[in-house]
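K.L.:
In the UniProt record's numbering, the protein residues as written are 1 to 317.
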Ligand code: AKB
């Protein structure tokens, strides 16, 4: 196997932090370069090689690709759904123009493979709520969702017109203990755990019965590596694969946490994020991912809750 030199853009983010560790374990530490606009200190231990990068600076990105002879790019930098609504122009600019720049430069410099995350946010109020199909209606109601839906089509376009091997997943809400999510509608499902281990009550910004597709980060990292390792002929979907694992409401999550932390108290005060959540499906049909490259999640609600509480308690100690 030829040596790969991998660039992870957005390495300080919630997904980046964990993907970086997994990619380094798999490919050798020094073969995976972390890049982020945020300072190196916000990464966990052993961050080097690290490059400070504004992904919208196409010249800096090109220099990095050329100098480091990059063969794979994981482009994770994005403004998420809730934050995007407070500055739609910025969200569109970052989410769209950075992707186009990564795709263009990857073609120009013959990068072997690109990964770019899409999201369940591409779906909208007219999409099917339960087991939303791969080819479901995609009429997103947020700028983030619009940028992800458009981005999926750009990925397919670059694959078809330029032969670029770009792959993508529609992540659900991701739950992890290593990093905070940055401005999403599913963030409550991380925040709630921090409150539980700190012995504080939690006020949830979604209503108790709002069911959304969710996933433990371990599963998301596993899916990402599995998709990227799949033989190209098995990757039949070149927009982005639906990816499912869990579907639960805040009330169900709170009940699971309370079964392990009985004194925990949760209140509900839905805000503007409720409308975003209401526009998304509550569960996802990921049969294409299961069939094409063997996707199967490992964590159910109980296993995820136990892992989250145990690890946050250790980090807090
Ligand atoms: C968000 O809530 O914006 C993200 C997502 C579902 O893509 N977690």
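C-beta atoms are modelled at their ideal positions from N, C-alpha and C, and glycine is treated no differently.
Quick one: which unbroken beta strand (DSSP E) runs of 3-plus residues sit fully inside the region 56-139? Chain order, please.
P.N.:
72-75 and 113-115
K.L.:
Do residue 192 and residue 304 have their C-beta atoms within less than 8 Å of each other?
P.N.:
no
K.L.:
Here's the rule I'm using: 16 or more other beta-carbon atoms within 10 Å means buried, otherwise exposed. How should residue 242 be labelled?
P.N.:
buried
K.L.:
Let me make sure I understand the geometry here. Which of 224, 184, 71 and 312 has the alpha-carbon closest to that of residue 164?
P.N.:
For residue 164, the closest C-alpha among the options 224, 184, 71 and 312 is that of 71.
K.L.:
Exposed or buried, residue 39, counting other C-beta atoms within 10 Å across all chains shown (16 or more means buried)?
P.N.:
exposed
K.L.:
Is residue 174 a contact residue of ligand 1, with contact defined as CB to any heavy atom under 7 Å?
P.N.:
yes
K.L.:
Threshold first: 3 residues or longer. Then list the beta strand (DSSP E) segments lying entirely within the region 137-202, N to C.
P.N.:
165-167, 169-171 and 173-175
K.L.:
Flag this pair as yes or no: are the beta carbons of residue 239 and residue 296 separated by less than 8 Å?
P.N.:
No, the pair does not count as a contact, with Cβ atoms beyond the cut-off.
K.L.:
Quick check on residue 300: buried or exposed, where buried means 16 or more other Cβ atoms within 10 Å of its Cβ?
P.N.:
Residue 300 is exposed by the Cβ-count criterion.
K.L.:
Using a threshold of 7 Å, is the CB atom of residue 99 nearer than that to any non-hydrogen atom of ligand 1?
P.N.:
no
K.L.:
Should residue 250 be listed as close to ligand 1, given that the test is whether its C-beta is under 7 Å from any heavy atom?
P.N.:
no
K.L.:
Looking only at its own chain, which residues have a Cβ that is under 8 Å from the Cβ of residue 274, when we skip the five neighbours before and after it?
P.N.:
205, 206, 207 and 210
K.L.:
Look at the Cβ atom of residue 143, then the Cβ atom of residue 92, and state whether they are nearer than 8 Å.
P.N.:
yes
K.L.:
Does the region 126-144 come within contact of the region 105-117, defined as at least 3 CB pairs closer than 8 Å?
P.N.:
no
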